[in-house]
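**Student:** The structure is given below, and queries will be raised subsequently.
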Amino acid sequence: MKDILPPESAVWQVVENKLRDVFNLFGYKEIRTPFLENLNLFERGIGEATDIVEKEMYIFNDSKGRQSALRPEMTASVARAFIENNLNQIQSVHRLFYVGPMFRHERPQAGRLRQFHQFGGECIGLNDPISDVDVIYLIYQLLAELGITDFTIRMNSLGSQDSKQKYSKTLREYLSSYKTKLCDLCQDRLDRNVFRVLDCKNDECQALTQSAPLILDVQSKDDQNYFNQIVHILEQMQIPFRIDPRMVRGLDYYTNTVFEISHPSLGAKDALGAGGRYNNLIQSLGGADTPAIGFAVGLERLLMILSQEKILKNSAGQDKLYLVSMGEESMKQNYFLLNELRKQKFLVEMDMSCKNIKYQMKQANKLKANWCLIRGEDELTSQQIVIKNMDSGDECKILFDQLFEFLNQSVKSEI
Ligand code: HAM
175 MKDILPPESA VWQVVENKLR DVFNLFGYKE IRTPFLENLN LFERGIGEAT DIVEKEMYIF
235 NDSKGRQSAL RPEMTASVAR AFIENNLNQI QSVHRLFYVG PMFRHERPQA GRLRQFHQFG
295 GECIGLNDPI SDVDVIYLIY QLLAELGITD FTIRMNSLGS QDSKQKYSKT LREYLSSYKT
355 KLCDLCQDRL DRNVFRVLDC KNDECQALTQ SAPLILDVQS KDDQNYFNQI VHILEQMQIP
415 FRIDPRMVRG LDYYTNTVFE ISHPSLGAKD ALGAGGRYNN LIQSLGGADT PAIGFAVGLE
475 RLLMILSQEK ILKNSAGQDK LYLVSMGEES MKQNYFLLNE LRKQKFLVEM DMSCKNIKYQ
535 MKQANKLKAN WCLIRGEDEL TSQQIVIKNM DSGDECKILF DQLFEFLNQS VKSEI
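Counting from 1 along the sequence shown, just add 174 to a position and that's the residue number in our numbering.
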């Protein structure tokens, strides 16, 4: 778990603001849910035989012996909030987005943390290929807004719950004849969650699954037709993607469309983001029969890809001012000026420790101030102020009365 300190926190703010703008454009509204949920929600939602539920959750007993867990992801929480707040009675379609911390007790390494952040969106109430396409398109727009274009989206369809069950049986039958050749973990997975064998990183397990039947071939005509329509629309929109007929996801709630987003700088092991359709989750948690699709992207992984410097530079739209004081009286007068400038939404700082001018100019440079406003006893007496443009080095002295006119004309302020 890591602290996010300045100046990195400024990068987070810029990225989050950009993401919010794109979500708004696509009609998504923000949802914030508690970090702590009843453990049972994740067991039922994500699935008991998944890595997240079996090994990765932070679980607590409260004083009454109830078990709570820190949320490892948001989809189950959003589904719970949807049911509990009767959102289906307000309107039939909800588009919800979130940005926030998730918790998984994984072995920490680059791009894998125990407290990490996701941004994601859930489109609830639609079951039409266009809505799947729109979620994929949203991901493209979110990443494009941040200047990321060299990512790959791999897609597959798991089919409906019925098709999934049929495929589990087919795959189990096929793999059973090779049971002793599978790794210990996969021998166990064979009975408990056979899809996970397709995900195993063990070479021998991978080789054995190469000629296993494919889920796309086993699913119903309706499911195949649904997926083909998505593929067709994405092709018409010239949105690049790849079909990966072996991809299954590590969470049990998925049905039909699933996808993963990868990026060359993260390597094959770690996805940048992922998602899919979960048409049965809300009903299985006690809600009405409500189809849905969503995705989530890991923010730490996203930030590993981005040039943080470029992000900050491109977003530094507002000029920074620094007030320099020579002597105690000018420091006090500058403090009043500081507050006046703050009121007028200028980005401004000053030294409050009465250090010498050399130190203050150094601070101004460190803060990358664009302008210094300098006053000493002389300037106070003559009611003037020195203005130094830190980019060009030019300096001039003007009447204090004309300061705001000057600033309004010359200083870039975007608030
Ligand atoms: P997920 O694949 O478990 O899906 O996680 C989505 C993304 O969260 C990953 O691709 C990765 O970028 C990030 N992530 C996961 N674990 C870690 C970690 N330990 N450290 C850093 N980043 C991590 C879900 O969570 C689903 N809820 C996505 C979804 C939304 N499906 C439908 N709606």
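Beta carbons are placed, not taken as given, at the ideal position from N, Cα and C, and that holds for glycine.
When we look at the beta-carbon of phenylalanine 234 and count the other beta-carbons within 10 Å, is it buried (16 or more) or exposed?
**Tutor:** Against the sequence shown, residue 234 aligns to sequence position 60. Exposed.
**Student:** Taking buried to mean at least 16 other C-beta atoms within 10 Å of its own C-beta, is proline 303 buried or exposed?
**Tutor:** By 1-based counting over the sequence shown, the position of residue 303 is 129. Looking at its Cβ environment, which holds 16 or more other Cβ atoms inside 10 Å, proline 303 is buried.
**Student:** Whole angstroms are fine: how far does the CA of glutamate 503 sit from the CA of glutamate 553?
**Tutor:** Position 379 of the sequence shown holds residue 553. Position 329 of the sequence shown holds residue 503. Rounded to the nearest angstrom, the two C-alpha atoms are 11 Å apart.
**Student:** Is any heavy atom of the ligand HAM found at a distance shorter than 7 Å from the C-beta of threonine 249?
**Tutor:** Position 75 of the sequence shown, counting from 1, holds the residue named residue 249. Flag set: Cβ of threonine 249 near the ligand HAM.
**Student:** Are the segment 180-196 and the segment 217-236 in contact at 8 Å, needing three or more beta carbon pairs?
**Tutor:** In short, these stretches do not touch, since the Cβ pair count stays below three.
**Student:** Indicate the three-state DSSP secondary structure (helix, strand or coil) for asparagine 330 in the structure shown.
**Tutor:** Against the sequence shown, residue 330 aligns to sequence position 156. Asparagine 330 falls in the strand class under three-state DSSP.
**Student:** According to DSSP, which residues form a beta bridge with threonine 555?
**Tutor:** Position 381 of the sequence shown holds residue 555. None; threonine 555 has no bridge partner.
**Student:** Taking the CB atoms as reference points, tell me whether glutamate 434 and methionine 421 lie closer together than 8 Å.
**Tutor:** Mapped onto the sequence shown, residue 434 falls at position 260. Mapped onto the sequence shown, residue 421 falls at position 247. Yes, they are a contact pair.
**Student:** Please report the residue range of the alpha helix (DSSP H) in which serine 351 lies.
**Tutor:** Counted from its first residue, the sequence shown places residue 351 at position 177. Unbroken run through serine 351: none, as it is neither H nor E.
**Student:** Judging by CA-CA distance, which residue of Glu378, Asp391, Leu356 is the nearest neighbour of leucine 332?
**Tutor:** Translated into positions along the sequence shown, residue 332 becomes position 158. The residue with the shortest Cα to Cα distance from leucine 332 is Asp391.
**Student:** Less than 7 Å separating the Cβ of tyrosine 452 from some heavy atom of the ligand HAM?
**Tutor:** Against the sequence shown, residue 452 aligns to sequence position 278. Answer for tyrosine 452: yes, Cβ within range of the ligand HAM.
**Student:** Whole alpha helix (DSSP H) runs in the segment 208-274 with 4 or more residues, listed along the chain?
**Tutor:** Segments of the alpha helix (DSSP H) lying fully in the segment 208-274: 213-220, 249-258.
**Student:** Given a threshold of 16 other Cβ atoms within 10 Å of its Cβ, counted over all protein chains shown, does tyrosine 428 qualify as buried or as exposed?
**Tutor:** As a first step, residue 428 must be located in the sequence shown, where it is residue number 254. Buried, by the Cβ-count rule.
**Student:** Can you find the residues in the same chain that come closer than 6 Å, C-beta to C-beta, to leucine 388, ignoring five residues on each side of it along the sequence?
**Tutor:** Position 214 of the sequence shown, counted from the first residue, corresponds to residue 388. Closer than 6 Å at Cβ, skipping near neighbours: Pro419.
**Student:** Given a threshold of 16 other Cβ atoms within 10 Å of its Cβ, counted over all protein chains shown, does isoleucine 178 qualify as buried or as exposed?
**Tutor:** Residue 178 sits at position 4 when you count from the first residue of the sequence shown. Isoleucine 178 should be labelled exposed.
**Student:** Taking 7 Å as the cut-off, is the beta-carbon of glutamate 280 closer than that to any non-hydrogen atom of the ligand HAM?
**Tutor:** For the purposes of this step, residue 280 is identified with residue 106 of the sequence shown, where counting begins at 1. Within the cutoff, so yes.
**Student:** Who are the near neighbours of glycine 424 in its chain, counting only those whose CB is closer than 8 Å to its CB and skipping five residues on each side?
**Tutor:** Here residue 424 corresponds to residue number 250 of the sequence shown, with the count starting at 1. Thr224, Asp225, Ile226, Arg370, Asp373.
**Student:** Please list, in chain order, all residues of the same chain as valine 267 whose beta carbon is under 6 Å from its beta carbon, the five residues on each side excluded.
**Tutor:** Numbered from 1 along the sequence shown, position 93 holds the residue referred to as residue 267. Correct list, in chain order: Gly299, Leu300.
**Student:** Report the option in Lys536, Gly295, Asn544 whose CA atom is closest to the CA atom of glycine 491.
**Tutor:** In the sequence shown, residue 491 corresponds to position 317, counting from 1. Measuring from the Cα of glycine 491, the nearest candidate turns out to be Asn544.
**Student:** For alanine 466, report the span of its alpha helix (DSSP H) as first-last.
**Tutor:** In the sequence shown, residue 466 corresponds to position 292, counting from 1. Taken as a continuous stretch (DSSP letters only), alanine 466 belongs to no alpha helix (DSSP H), being part of the beta strand (DSSP E) at 466-472.
**Student:** Taking 7 Å as the cut-off, is the C-beta of arginine 284 nearer than that to any heavy atom in the ligand HAM?
**Tutor:** Your numbering for residue 284 matches position 110 in the sequence shown. It should be noted that the sequence gives alanine, not arginine, for residue 284. No.
**Student:** Applying the criterion that 16 or more other CB atoms from any shown protein chain within 10 Å of the CB defines a buried residue, is leucine 359 buried or exposed?
**Tutor:** By one-based count along the sequence shown, residue 359 stands at place 185. Looking at its Cβ environment, which holds fewer than 16 other Cβ atoms inside 10 Å, leucine 359 is exposed.
**Student:** Could I get the ranges of all uninterrupted alpha helix (DSSP H) runs contained in the segment 424-461, with 4 residues as the minimum, in chain order?
**Tutor:** Those alpha helix (DSSP H) runs which fall completely within the segment 424-461 and span 4+ residues are 455-458.
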